[in-house]
Amino acid sequence: YGARSTLQVAGRELEIYRLDAVPGAADLPYSLKVLLENLLRTEDGVDITADDIAALAEWDPASEPSTEIQYTPA
Numbered sequence: 003y004g005a006r007s008t009l010q011v012a013g014r015e016l017e018i019y020r021l022d023a024v025p026g027a028a029d030l031p032y033s034l035k036v037l038l039e040n041l042l043r044t045e046d047g048v049d050i051t052a053d054d055i056a057a058l059a060e061w062d063p064a065s066e067p068s069t070e071i072q073y074t075p076a
């Protein structure tokens, strides 16, 4: 997704994952944005794929879930 970026804070360079790199992320509730950030950090193309990220970004509260999303605690 190309969401990895850096942020300069007090002379230090920190690695961040930008939610705005994912279309639809701005419309998600806060709790799902937390899950989305987790998926971006742990995307490996095997256990967590770009399709998983897209499925979450396209979340519709009126629909039945069609994709199981893996959560990897920090």
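One point on numbering: in the numbering used here, the residue at position 50 of the sequence shown is 52, and numbering is uninterrupted.
Where a beta carbon is used, it is the ideal one built from N, C-alpha and C, also for glycine.
What you are looking at is a predicted structure, and each value in this text was computed from that prediction instead of being measured.
Alpha carbon to alpha carbon, how far is D54 from A64? Give it in angstroms, no decimals. In the sequence shown, residue 64 corresponds to position 62, counting from 1. In the sequence shown, residue 54 corresponds to position 52, counting from 1. Straight-line Cα distance between these residues: approximately 19 Å.
Applying the criterion that 16 or more other CB atoms from any shown protein chain within 10 Å of the CB defines a buried residue, is V24 buried or exposed? In the sequence shown, the residue the question calls residue 24 occupies position 22. Classification for V24: buried.
For S68, which residues of its own chain have a beta-carbon under 8 Å away from its beta-carbon, when the five flanking residues on both sides are left out? To locate residue 68, count along the sequence shown from 1; it is residue 66. These residues qualify, in order along the chain: A57.
Go to R43, then tell me how far its alpha helix (DSSP H) extends in each direction, as first and last residue. Working through the sequence shown from its first residue, we reach residue 43 at position 41. Where R43 is concerned, the enclosing alpha helix (DSSP H) stretches over Y32 to T44.
Boundaries (first-last residue) of the beta strand (DSSP E) holding L16: Position 14 of the sequence shown, counted from the start, is the residue given in the question as residue 16. Its beta strand (DSSP E) spans residues R14 to Y19.
Express the C-alpha separation of L37 and E70 in angstroms, rounding to a whole number. In the sequence shown, the residue the question calls residue 70 occupies position 68. In the sequence shown, the residue the question calls residue 37 occupies position 35. Using only the alpha carbons, I get a separation of about 12 Å.
Cutting at 8 Å between CB atoms, please list the residues of its own chain near L21, excluding the five before and the five after it. Walking along the sequence shown from the start, residue 21 turns up at place 19. Excluding positions up to five away in sequence, the list reads A5, A27, A28, K35, L38, E39 and L42.
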